[in-house]
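In UniProt numbering, the protein residues as written are 1 to 101. Okay, so here's the structure we're looking at.
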Amino acid sequence: MSKSSDLLMFLFFFSLAVPHLGEVSSSSSPVRNPEAVVEEVHKSINASRRNLGYLSCGTGNPIDDCWRCDPNWNTNRQRLADCAIGFGRDAIGGKRGRIYV
Numbered sequence: 001m002s003k004s005s006d007l008l009m010f011l012f013f014f015s016l017a018v019p020h021l022g023e024v025s026s027s028s029s030p031v032r033n034p035e036a037v038v039e040e041v042h043k044s045i046n047a048s049r050r051n052l053g054y055l056s057c058g059t060g061n062p063i064d065d066c067w068r069c070d071p072n073w074n075t076n077r078q079r080l081a082d083c084a085i086g087f088g089r090d091a092i093g094g095k096r097g098r099i100y101v
């Protein structure tokens, strides 16, 4: 698991435990089936992780995603200048130039 999913799991279980910190009895549970809750959390985390990969083209880096998400990025290189400030700083021709190399 990644650090972010570990943190989510910790926060989830901590939020369940906080209202019951004063209770000593371990036989009572705030939910009927704690294992089902854990399973549901795991499913939710895995689904979120899959969706993040889909939305970001798998890199997690917005500058890389700007061109990797476009299969025809090489036909409109001026668009790359919109990906991030300074991306085309030393490009020949500039953003509005005839060529952008």
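Idealized CB from N, CA, C, for every residue including glycine.
D70 carries a coil assignment under DSSP once its states are collapsed to helix, strand and coil. Within its own chain, the residues whose Cβ lies closer than 7 Å to the Cβ of I45, once the five positions on either side in sequence are excluded, are S5 and L8, listed in chain order. Look at N61 here: in three-state DSSP terms it is coil, with no helix or strand label. A direct Cα-Cα distance of roughly 12 Å separates D64 from P71. Across the structure, V31 and V37 are spaced so that their CA atoms are roughly 8 Å apart.
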